[in-house]
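Below you'll find the structure, written out as structure tokens, and then a few comments.
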Amino acid sequence: MVKQKERRPGQKAAGGPGAKPRPEARRDTPVKTGGKMSASRDRGERITEPRTAASTVAAPERPLIVRNGERPPERVPVILESLGAGDFHLIDSGNALKLEQYGPYRIVRPEAQALWQPSLASHVWDNADAVFTGDTDEDGMGRWRFPREALGETWPLQLLGVDFLGRFTAFRHVGVFPEQIVHWAWMKEQAEAAKRPLKVLNLFGYTGVASLVAAAAGAEVTHVDASKKAIGWARENQALGRMEKLPIRWICEDAMKFILREERRGNKYDIILTDPPKFGRGPNGEVWHLFEHLPLMLDICREILSPKALGLVLTAYSIRASFYSIHELMRETMRGAGGVVESGELVIREAGLDGSTPGRALSTSLFSRWVPK
Ligand SMILES: C[S@@+](CC[C@H](N)C(=O)[O-])C[C@H]1O[C@@H](n2cnc3c(N)ncnc32)[C@H](O)[C@@H]1O
1 MVKQKERRPG
11 QKAAGGPGAK
21 PRPEARRDTP
31 VKTGGKMSAS
41 RDRGERITEP
51 RTAASTVAAP
61 ERPLIVRNGE
71 RPPERVPVIL
81 ESLGAGDFHL
91 IDSGNALKLE
101 QYGPYRIVRP
111 EAQALWQPSL
121 ASHVWDNADA
131 VFTGDTDEDG
141 MGRWRFPREA
151 LGETWPLQLL
161 GVDFLGRFTA
171 FRHVGVFPEQ
181 IVHWAWMKEQ
191 AEAAKRPLKV
201 LNLFGYTGVA
211 SLVAAAAGAE
221 VTHVDASKKA
231 IGWARENQAL
241 GRMEKLPIRW
251 ICEDAMKFIL
261 REERRGNKYD
271 IILTDPPKFG
281 RGPNGEVWHL
291 FEHLPLMLDI
301 CREILSPKAL
311 GLVLTAYSIR
321 ASFYSIHELM
331 RETMRGAGGV
341 VESGELVIRE
351 AGLDGSTPGR
361 ALSTSLFSRW
371 VPK
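Residue numbers for the sequence shown, in full-length UniProt numbering: 1 to 373.
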């Protein structure tokens, strides 16, 4: 990997003509935020947007590095598709809903992308075990209806050989985002093929399924999430699979704060997964705003990639953007690093009642990843 000369704005320019400084992220300038939270494809645990248009977001703590090397070659569009795996498959979708199989349960949840009509008869849908109603005056399990019999809050599931709990959460999620399995399977392969324990950083790690997959494949994992509750669920998952002895550091902290500290300390990672929500808050009220903070987050991630890094993987949900937005940001960030940047969408294909009859593709999110080859 060829390391190009880089400088931060304010340092003496080393580049030739046209080596223009990028806009500086100013330390002391409060950034105004506005706009409403878009409901479609939003994820995370009851994350609220700053209440007033004038509320300040946590100021980035260092300027972006000016990068003068070549942009890595690109592979676009890349559609990473999954027909389900382990205990999960998408049975059917339509009418702004999806019908999914999670282990023993069939679950109906809202799905704004499903503009078409369902393929399967309505009695199949009516027979579901759980339906997310989203009743706003309810909380937790109250936002779910169980047409057949009352169900407990959690139930055991398995993906890529890892045990974890499915969970009926107040925010319509079920404790896992199974479209991510394509990234996790890729990461598992890397970790198993490496002749050393890879260092994996999982930012915005939620219930820890990715962290468990990586650790089970031999990696040393650092898992960061701002929510104490999510970290608790992740530890429960670790205990369920009797994986307590695996090397996972569970860190409840603001993701940006954590990586800034890792950069200062010179700590490095071989694979970084980052799955930021559109809006989020750190444990001390630090505000995460994807459109404000993603450039700096990727910039720092690049600095904490090890010299033999195997990947930087970004996924983005619920944003009004094309995959090109994160693709070009990734290529700018990885200037001079060689490798390749591939970007596109993560989609899940309907697999029918039997789990193996391919139907329509349901788009779930955008992704961009840098890999060394
Ligand atoms: C959408 S989930 C990530 C899902 C996970 N990567 C997966 O695929 O299973 C978003 C997570 O980000 C966390 N989060 C939100 N704001 C954060 C912040 N500022 N720092 C760290 N984590 C944050 C939430 O607690 C939540 O668990």
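We treat Cβ as the ideally placed atom computed from N, Cα and C, and that holds for glycine.
Checklist entry - Gly-282: beta carbon under 7 Å from a heavy atom of ligand 1? => result To locate residue 282, count along the sequence shown from 1; it is residue 282. Within 7 Å of the C-beta of Gly-282 there is at least one heavy atom belonging to ligand 1.
Item to check | Assumed close pair Val-176, Phe-164 - CB separation to whole angstroms, cut-off 8 Å | outcome: Stepping through the sequence shown from its first residue, residue 176 is reached at position 176. Stepping through the sequence shown from its first residue, residue 164 is reached at position 164. At roughly 7 Å, the Cβ-Cβ gap stays under 8 Å, so Val-176 and Phe-164 are in contact.
Checklist entry - Considering only residues of the same chain and omitting the five flanking positions on each side of Thr-274, which have a CB-CB separation below 6 Å? => result Along the sequence shown, read from residue 1 onward, the residue named residue 274 stands at position 274. If we look at Thr-274 and ignore the five residues flanking it on each side, its Cβ neighbours are Leu-203, Leu-314.
Checklist entry - Counting Cβ pairs closer than 8 Å, one from the segment 277-293 and one from the segment 210-229, do we hit at least three? => result yes
Checklist entry - Closest to Ser-306 by CA distance: which of Ile-326, Ile-271, Phe-291 is it? => result Position 306 of the sequence shown, counted from the start, is the residue given in the question as residue 306. Nearest C-alpha to Ser-306: Ile-271.
Checklist entry - Should Val-213 be labelled buried (16 or more other beta-carbon atoms within 10 Å of its own) or exposed? => result Working through the sequence shown from its first residue, we reach residue 213 at position 213. By the neighbour-count rule (16 or more Cβ atoms within 10 Å), Val-213 is buried.
Next on the checklist: Rounding to the nearest angstrom, what Cα-Cα distance links Ala-321 and Gly-134 in this structure?
Outcome noted: One-based indexing of the sequence shown puts residue 321 at position 321. One-based indexing of the sequence shown puts residue 134 at position 134. Cα-Cα distance, rounded: 26 Å.
Checklist entry - Going by the CB atoms, is the gap between Arg-196 and Ala-170 shorter than 8 Å? => result As a first step, residue 170 is located in the sequence shown; it is residue number 170 there, counting from the start. As a first step, residue 196 is located in the sequence shown; it is residue number 196 there, counting from the start. Contact: no.
Checklist entry - Closer than 7 Å: is that where the CB of Ser-227 sits relative to any heavy atom of ligand 3? => result In the structure on display, ligand 3 does not appear, and the ligands it does have are ligand 1.
Checklist entry - With burial defined as no fewer than 16 other Cβ atoms inside 10 Å of the residue's Cβ, what is the status of Glu-244: buried or exposed? => result The sequence position of residue 244 within the sequence shown is 244, counting from 1. The residue in question, Glu-244, is exposed, as its Cβ has fewer than 16 Cβ neighbours within 10 Å.
Next on the checklist: Whole angstroms are fine: how far does the CA of Gln-158 sit from the CA of Val-347?
Outcome noted: Working through the sequence shown from its first residue, we reach residue 347 at position 347. Working through the sequence shown from its first residue, we reach residue 158 at position 158. Near 20 Å, if we compare the C-alpha coordinates of Gln-158 and Val-347.
Checklist entry - Where do the ends of the beta strand (DSSP E) carrying Gly-249 lie? => result Position 249 of the sequence shown holds residue 249. At residue 249 the sequence reads Arg, which differs from the Gly that was named. Per DSSP, Arg-249 belongs to the beta strand (DSSP E) from 248-252.
Checklist entry - Does the Cβ-Cβ distance between Ile-259 and Cys-301 come in under 8 Å? => result For the purposes of this step, residue 259 is identified with residue 259 of the sequence shown, where counting begins at 1. For the purposes of this step, residue 301 is identified with residue 301 of the sequence shown, where counting begins at 1. Result yes, Cβ atoms of Ile-259 and Cys-301 sit closer than 8 Å.
Checklist entry - Apart from the five residues just before and just after Trp-250, which ones in its own chain have a Cβ nearer than 7 Å to its Cβ? => result Working through the sequence shown from its first residue, we reach residue 250 at position 250. His-223, Ile-231, Ala-234, Arg-235.
Checklist entry - Three or more C-beta pairs closer than 8 Å, one from the segment 332-340 and one from the segment 64-73: is that the case here? => result yes
Item to check | Where Asn-237 sits in the DSSP three-state scheme | outcome: Counting from one through the sequence shown, the residue named residue 237 turns up at place 237. Residue state, collapsed to three classes: helix.
Checklist entry - Per the contact definition of three or more C-beta pairs closer than 8 Å, is the segment 85-104 in contact with the segment 286-294? => result no
Checklist entry - Excluding sequence positions up to five away, which residues of its chain have a Cβ less than 6 Å from the Cβ of Arg-145? => result Within the sequence shown, residue 145 is the residue found at index 145, counting from 1. Cβ neighbours of Arg-145 beyond the five flanking positions: Val-131, Thr-133.
Next on the checklist: Bridge partners for Asn-202 per DSSP, in chain order?
Outcome noted: Taking the sequence shown and counting its residues from 1, one reaches residue 202 at position 202. His-223, Leu-273.
Item to check | Sequence-distant residues of its chain with Cβ nearer than 7 Å to Ala-128 (five each side left out) | outcome: The residue labelled residue 128 in the question sits at position 128 within the sequence shown. Closer than 7 Å at Cβ, skipping near neighbours: Leu-99, Arg-106, Ile-107, Val-108, Pro-147.
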